[in-house]
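Enquirer: Sharing a structure here in structure tokens format.
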Amino acid sequence: MTFYFEQGYIGKIVCGKQTASSLSRRGCFHDLCWNRYGREKALQIRQTAANSIGSNSPAMAFELQQTIRLIQNVQIELDLLNSRIAAVVDTVQTPLMTIPGIGHALAAVILAEIGTIERFQTPAQLLAFAGLESSTFQSGTFSANQTPMVKRGSTYLRWAVLQAARLVAMRDKTFRDYLLKKRQEGKHFNVALSHVGKKLIRVIFHMLQTNRAFVPQT
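Residue 166 in this note's numbering sits at position 156 of the sequence shown, and the numbers go up by one each step.
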């Protein structure tokens, strides 16, 4: 849901018993309904909105207008921050941007949390830092095969990797098949996704070590 939609919706409440035609003059109705639903559906929505009950309270209208302006200002700041993050990531020219599904924001979090890849000698060390390695349970000669993640290390890196794993699995066949394989083994979706995250961490480790772009496996 975009902010423009939210603004149009809130604007309808602020207008009170004004008809939806006044909204269309400001562009809200045309943008939200006409192009999306077609003429007949748009007219139906406008008629329904015209007969709806609004609020005539000046205090409520003022409060909602203040809220709209606040949201607009916050959105402006977010857009500015996102553009600066994108500029920094583009300057670094990280190979992570070649991984399908990873954009500037996720790449920035992953790079910021990892720092320099030389800190880690093996993929296992990076897995441990992200808190994605499995805990080990042993009793005598027994060793558990299925154990949960320890969830130590960088919370932000773990979040970014799991988010990236979900997106990569939607776009890359190898990762998608791996996720389906884990699901077919009876694993819960989040558990299966954590396995995809582990696989992705290993790929990220080698990409940063060699500074090479992502190459889809066929």
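Beta carbons are placed, not taken as given, at the ideal position from N, Cα and C, and that holds for glycine.
(1) Under 8 Å by Cβ, that's how I've got residue 137 and residue 214 pegged, so tell me the actual separation to the nearest angstrom.
(2) Helix or strand or just coil, what does DSSP make of residue 67?
(3) Compute the distance between the beta-carbons of residue 167 and residue 124, then report whether it is under 8 Å.
(4) When we look at the beta-carbon of residue 204 and count the other beta-carbons within 10 Å, is it buried (16 or more) or exposed?
(5) Any contact of the segment 104-118 with the segment 168-185, i.e. 3+ C-beta pairs under 8 Å?
(6) DSSP on residue 111, reduced to helix/strand/coil?
(7) By Cβ distance below 7 Å, which residues in the same chain neighbour residue 163 in space, the five residues on each side in sequence not counted?
(8) For residue 174, count neighbouring C-beta atoms within 10 Å of its own C-beta (all shown protein chains included) and say buried if the count is 16 or more, exposed if not.
(9) Report the residue from 192, 221, 81 whose alpha carbon sits nearest the alpha carbon of residue 209.
Expert: Taking the structure as given:
(1) That belief does not hold up - the Cβ atoms of residue 137 and residue 214 are roughly 10 Å apart, past 8 Å.
(2) coil
(3) yes
(4) buried
(5) yes
(6) coil
(7) 138, 139, 140, 141
(8) buried
(9) 192
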